[in-house]
Structure formats: C-alpha cells, structure tokens
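Worksheet: one structure, shown below.
Numbering (this note's numbering), first residue to last: 2 to 87.
Printed below as a string of structure tokens:
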C-alpha cells in the first residue's frame, strides 16, 4: 500500500523545509530581477508586539509571526506533492 509507513512528523518537516526554501528562492529571485519583484512581497500574519508575562522571578515572552509570499505557498505545495508521491 502506497504511503503505509509515512509519518506525520516527516510531512510537517517537509512542509517547513518547503516553506523556507520557497521563501529563500522568492527573495533571491525578487532581489535579482526587477520583473519578478512581486515575489519578494510578503504578508505578515501574527502579532505585532509579543505578549509579555512578568512573574516577579521569571518573564515569559510569547509571540509568533509568519511572513508568507507566493513562493512560500508554492514551496509548501511542492513539498506535499513530493511527500505523497514518494
């Protein structure tokens, strides 16, 4: 059966790797060629300022921010296709 021994950890790792690779490729191509400058535009999803919780002896700071561009989405799609195929 195809895909019987695959783990979800591998899928999430490949999705993360595809997102990082797509983002790097998009930034590189967008910086190098003027006609592909739109690939460098990213959209931020997350908090603007981190949440800080001060507990006298410990300070916890929590924040998350995702910068998504077109190549990031393409990288994630390619990673999912590769995972399903192999």
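The C-beta atom is built at its ideal place from N, Cα and C for all residues, glycine as well.
Taking all protein chains shown into account, residue 55 has fewer than 16 neighbouring C-beta atoms within 10 Å of its C-beta and is therefore exposed.
Our two residues, residue 61 and residue 53, have alpha carbons roughly 6 angstroms apart in a direct line. Beyond the five residues adjoining it in sequence on each side, residue 48 comes within less than 6 angstroms, by CB distance, of 64 in the same chain, given in chain order. With distances taken between CA atoms, residue 20 lies nearest to 69 out of 69, 85, 83. Checking the DSSP bridge columns, you'll see residue 55 partnered with 60.
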